[in-house]
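Enquirer:
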Amino acid sequence: MEVKLQAERLVFGYKDKIILENISLDFLKPEIVSIIGPNGSGKSTLLKTLCKLLTPTQGTVYLNGKDIQAYQPKALAKTISVLPQSPRAPGDMTIRDLATFGRMPYQSFLAELSSEDGKAVDDALAFTELTHMQFRRLDTLSGGERQRAWLAMALAQNPRVLLLDEPTTYLDIHHQLELMELIGHLHRERQLTIIMVLHDLNHAARYSQRLVAVKGGKIIADGTVETVFTETVLERLYNVKAVVTTLKQGAKSYPLCFPYTTTEHF
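Residue numbering for the sequence shown follows our numbering, starting at 15 and increasing by one per position.
1. Can you tell me whether A21 is buried or exposed? The criterion is at least 16 other CB atoms within 10 Å of its CB, across all chains shown.
2. Between P119 and the rest of its own chain, which residues show a CB-CB distance below 7 Å, the 5 nearest in sequence each way excluded?
3. Could you check what DSSP says for Y76 in three-state terms: helix, strand or coil?
4. Can you tell which of L177, T114, E130 has the C-alpha that lies nearest to the C-alpha of Q148?
5. Are V17 and I209 close, meaning C-beta to C-beta below 8 Å?
6. Between L206 and R174, how many whole angstroms is the CB-CB distance? I'm expecting something under 8 Å.
7. I'd like the list of long-range same chain contacts for T244, defined as Cβ closer than 8 Å, with 5 residues on each side in sequence excluded.
8. Alpha carbons only, please: which of A218, D186, L176 is nearest the one belonging to R204?
9. Tell me, to the nearest whole angstrom, how far the beta carbon of P70 is from that of V25; I am working on the premise that it is less than 8 Å.
10. With three or more beta-carbon pairs closer than 8 Å as the criterion, would you say the segment 66–86 touches the segment 219–236?
11. From R160, V239, Y268, pick the residue whose C-alpha is nearest to that of I49; which is it?
12. List, from N- to C-terminal side, the beta strand (DSSP E) runs of 3 residues or more that fit wholly inside the segment 176–237.
13. Please return the same chain residues whose Cβ sits closer than 6 Å to the Cβ of R220, not counting the five positions on each side in sequence.
14. What's the call for A235, buried or exposed, on a 16-neighbour Cβ count within 10 Å?
15. Within 10 angstroms of its Cβ, does T63 collect 16 or more other Cβ (buried), or is it exposed?
16. Return the bridge partner residues of T283 from the DSSP annotation.
17. From the DSSP secondary-structure annotation, give me the bridge partner or partners of R6.
18. According to DSSP, simplified to helix, strand and coil, what is V139?
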């Protein structure tokens, strides 16, 4: 079942500081969307507003035509799953314990896990390739393994929309690629709408179908990778020069950007 998530004229701020200004976005089909932009541009705030973690000062987020504020938390969690920046859990918790928390929206008070719950957890662990280590403690995991464990929890919810806030933060190159490949595979296999905040522009361009460029709380570009991932847009977004080119690897081609400065430093 396809899910429609829409933001209409969102404004968000604290006292006299406006963080989001008149943001309107539609997510009407399963695709990977990356929100890009400089630090402090409002990317994470936008993501939190899309899933009811923050309430907009003005404007409305609609989920399947209904104001998202009208959804009860459990009902909303059955459709939208969120993986925040640097999530935390007790170190002595196992991977399976963490993944099982993804079934909370389906549980009544003090109810035991059903066979359906167990299967959802098993499927999430298998998809993230953690079955063989599901009883490992979180405090024994590498950064990449820990991030996959959190992703397993998010998948156990069986969401139709997955929101990821800087999922590759603190990961080395190997684990960044591993996680991005997993996200791409997840989209293809489960046809989810995946919306993520990313700082790595090359990851965003390679693994997304759509880019949303945000600066100063406003959208300055929204469209396909080909239309947004350009030297003109990136210079306007980050105030740096960049060369945008294409890398060919076998039969595939990937867009790449190389920022540079016109000032020499010795």
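From the three backbone atoms N, C-alpha and C, an ideal C-beta is built for every residue, glycine too.
Expert: Let's see:
1. Buried, by the Cβ-count rule.
2. Cβ neighbours of P119 beyond the five flanking positions: K88, A91, K92, Q171.
3. Looking at Y76 - three-state DSSP - the assignment turns out to be strand.
4. Considering only L177, T114, E130, the residue with the shortest C-alpha distance to Q148 is T114.
5. Contact: no.
6. Rounded, the Cβ-Cβ distance is 6 Å, consistent with contact.
7. Excluding sequence neighbours, T244 sits near V258.
8. Closest by C-alpha distance to R204, out of A218, D186, L176, is L176.
9. Rounded, the Cβ-Cβ distance is 6 Å, consistent with contact.
10. No, the segment 66–86 does not touch the segment 219–236.
11. Its Cα nearest to that of I49, the residue V239 stands out among R160, V239, Y268.
12. Those beta strand (DSSP E) runs which fall completely within the segment 176–237 and span 3+ residues are 207–211, 224–229.
13. Y268, listed in sequence order.
14. Burial call: buried.
15. It counts as buried.
16. The displayed coordinates of the chain run from 15 to 280. Any statement about residue 283 would go beyond what the structure contains.
17. With the chain represented from 15 up to 280, any question about residue 6 goes unanswered, as that position is not in the structure.
18. Checking the sequence shown, residue 139 turns out to be Leu, not Val. Correct three-state label for L139: helix.
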